[in-house]
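Presented below is the structure to which this report refers.
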Amino acid sequence: MNKNIEMTNRGFSIHGSESREVQTFSLVVGGPFFRLLCFLKICDQDLGFLKRRLFFFMLLSWLPLLIFSVFEGKALSGAVSVPFLYDFEAHLRFLVAIPLFLTAEIVVHQRLQPLVQEFISRGLVPTQLRGKFQAAILSSFRLQSSFVPELCILVLVYAIGILLIWNQFISLDVANWYSTPAGERSRLSIAGFWYVFVSVPIFQFLMLRWLFRILLWWKFLLHMARINLSLMPAHPDRCGGLGFLAQTPAVFAVLAIAHTSVVAGQIANRIFYLDAQLLDFKVEITLAIGYLMILFLLPVLFFMMQLAQAKRNGLREYGMLAQKYVQQFDIKWLSSVSGNHTKLMGSTDIQSLADLSNGYEPIRTMRLVPITNDVVITLLIAMLIPIFPLLLTMMPVEDLLAKLFTLFF
């Protein structure tokens, strides 16, 4: 390892054997694209200028589509079956999903950073293993700062995302503002060229860039799970002190909304323009929710083996302690030879026995997975928010509200 590492823009430095604890951790600060945004003065090291970024990406991805479609007479109606202003997928993709991708950067940066520091502040990483913790931070930083991942993402966007996935599975097979069917192929309009080669690649790049960041989070937690952490079986969070990790999946709730917004837009287009029904997409919706649940919840499962071992050790060690105490209690108060029941009143031994039992309960009920029901429900609600309006295509709003009222009340 380099003996003299300076990373002042990330807030920490390491100098040989005089390493000090990492003060910051971020999945979003760093990388060539981030440096490009900083160069353009629409971002800084603290992820400021969010409004500038939102305006910049709207100006680059959505506004030209509006201008070109108006110029071609395909913005409102008449010439095509799907005019631009009635394309749910395009608006949800560029006016909802992309802004949410950018907003999620601030949310994840601000909320994930203190959670990572909990490994040190709670004393979960033994002093002799602090070097491994720092190695995990540095490994994440190097990958995030490398140009290779984002270059690969860019190649994937144009080689697979556009030519294969979007062209074969996402684009509509009817005359619309961006293309007109011409035999087995489609003829792109002027707006269509910008849509296919600029707007959609921007969206896909930002989406895959987030996927890379989440996989980087997986890698970091996997590295941490391989460290022999100082877990505390009797910790009241019933996760050996790792209960703070239960908050991490909810950090990505904004991303969950962004992803399902795109799914909702695709489904809405097919319902309104291809005579499909919402129930026709129940498999797609289930798969999308399942994919996102795995993406956000799986990494906290990496600690399952350590938590299971900590629970076994805690049950054994606290069981031995309880055994010794109960034996002494039995000898003192229940033995027919030495027992003196007249002194039982006012003794603290009974309370100590109850306290010992209460201390044993968190170990007995210790969870092997630092995930709580409220976090899962939060994620699920976030994913279903964009899907919920599509229920209105199945029944009037009055009937829908009546069913919800009877369901909850």
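Residue numbering for the sequence shown follows the numbering used here, starting at 1477 and increasing by one per position.
Note that beta-carbon positions come from the ideal geometry of N, C-alpha and C, so glycine has one too.
Treat the numbers as computed from the prediction; the structure is a model and nothing was measured.
Next on the checklist: Report the CB separation of F1772 from F1728 in whole angstroms; it is logged as a contact under 8 Å.
Outcome noted: 5 Å
Checklist entry - For the alpha helix (DSSP H) that W1693 lies in, which residues bound it at each end? => result Looking at the DSSP string, the run of the alpha helix (DSSP H) that includes W1693 is V1676 to A1701.
Item to check | F1550 burial status per 10 Å Cβ neighbour count (16 or more: buried) | outcome: Sequence inspection shows Lys at residue 1550; the Phe mentioned does not correspond to that position. So K1550 counts as buried.
Checklist entry - Which residue or residues does DSSP assign as beta-bridge partners of P1657? => result S1662
Checklist entry - In its own chain, which residues sit with a C-beta less than 8 Å from the C-beta of S1745, not counting the 5 before and 5 after it? => result The residue asked about is misnamed: residue 1745 is Asn in this sequence, not Ser. The residues are V1558, D1563, F1564, E1565 and L1648.
Next on the checklist: So for N1704, helix, strand or coil by DSSP?
Outcome noted: coil
Checklist entry - So which of A1612, G1766 and I1690 has the shortest CA-CA distance to E1581? => result I1690
Item to check | Unbroken alpha helix (DSSP H) run spanning L1526, endpoints | outcome: L1526 to S1537
Item to check | Exposure of S1553, with buried meaning 16 or more beta-carbon neighbours within 10 Å | outcome: exposed
Checklist entry - Since V1851 and A1726 are thought to touch, with beta carbons under 8 Å apart, how far apart are those beta carbons, to the nearest angstrom? => result At roughly 5 Å, the Cβ-Cβ gap stays under 8 Å, so V1851 and A1726 are in contact.
Next on the checklist: Quick check on L1868: buried or exposed, where buried means 16 or more other Cβ atoms within 10 Å of its Cβ?
Outcome noted: By the Cβ-count criterion, L1868 is exposed, with fewer than 16 other Cβ atoms from all chains shown falling within 10 Å of its own Cβ.
Checklist entry - Alpha carbon to alpha carbon, how far is F1531 from A1611? => result If you take the alpha carbons of F1531 and A1611, they lie about 38 Å apart.
Checklist entry - Sorted by chain position, which residues of the same chain lie with C-beta nearer than 8 Å to L1866's C-beta, five sequence neighbours on each side aside? => result A1740, I1743, A1744, I1747 and L1754
Checklist entry - How should F1515 be labelled, buried or exposed, when 16 other C-beta atoms within 10 angstroms of its C-beta is the threshold for buried? => result exposed
Item to check | Same chain only: Cβ atoms within 8 Å of H1699, ignoring 5 sequence neighbours per side | outcome: K1608, A1611, A1612 and S1615
Next on the checklist: In the DSSP assignment, the alpha helix (DSSP H) including Q1620 goes from what residue to what residue?
Outcome noted: R1606 to S1621
Checklist entry - Taking Cβ to Cβ, would you say T1854 is nearer than 8 Å to R1714? => result no
Item to check | Proximity to N1849 [Cα-Cα], best of K1808, M1769 and P1838 | outcome: M1769
Checklist entry - For L1558, which of helix, strand or coil comes out of DSSP? => result The sequence as given places Val at residue 1558; Leu does not occur at that position. Looking at V1558 - three-state DSSP - the assignment turns out to be strand.
Checklist entry - For L1429 versus A1784, is the C-beta distance shorter than 8 Å? => result Past the edges of the chain, shown from 1477 to 1885, lies residue 1429, and the structure says nothing about it.
Next on the checklist: For I1766, tell me which candidate among H1735, R1792 and K1787 has the shortest Cα-Cα distance.
Outcome noted: First, the amino acid is wrong: residue 1766 is Gly here, not Ile. Per the Cα distances, H1735.
Checklist entry - Using the C-alpha atoms, what's the distance from A1710 back to G1716? => result 7 Å
Item to check | alpha helix (DSSP H) runs wholly inside the region 1739–1821, at least 4 long, in chain order | outcome: 1758–1773 and 1780–1805
Checklist entry - Which residue comes first and which comes last in the alpha helix (DSSP H) that contains M1859? => result N1849 to L1860
Item to check | Cut-off 6 Å between Cβ atoms - residues of its own chain near M1870, not counting five sequence neighbours on either side | outcome: L1754
Next on the checklist: Quick check on the burial criterion: 16 or more other C-beta atoms within 10 angstroms. Buried or exposed for E1626?
Outcome noted: buried
Next on the checklist: Within a Cβ cutoff of 6 Å, which residues of the same chain sit near Y1794, ignoring the five residues on either side of it in sequence?
Outcome noted: Cβ neighbours of Y1794 beyond the five flanking positions: Y1836 and I1839.
Item to check | Beta-carbon proximity check, L1417 vs V1504, cutoff 8 Å | outcome: Beyond the ends of the chain as shown, which are 1477 and 1885, falls residue 1417; an answer cannot be given.
Next on the checklist: Within 10 Å of its beta-carbon, does L1763 have 16 or more other beta-carbons around it, so buried, or fewer, so exposed?
Outcome noted: exposed
Next on the checklist: Can you list, in chain order, the residues of its chain with a C-beta nearer than 6 Å to that of S1662? Leave out the 5 residues immediately preceding and following it.
Outcome noted: Spatial neighbours of S1662 in its own chain (CB-CB distance under 6 Å, excluding positions within 5 residues in sequence) are listed in chain order as S1655.
Next on the checklist: Going by C-alpha to C-alpha distance, which of L1791, K1808 and M1859 sits closest to S1833?
Outcome noted: L1791
Checklist entry - Among L1561, S1545 and T1724, which has the Cα closest to the Cα of F1669? => result For the options L1561, S1545 and T1724, the alpha carbon positioned closest to that of F1669 is the one of S1545.
Checklist entry - For Y1671 versus L1541, is the C-beta spacing smaller than 8 Å? => result yes
Checklist entry - Can you check whether the CB of L1578 is closer than 8 Å to the CB of R1529? => result yes
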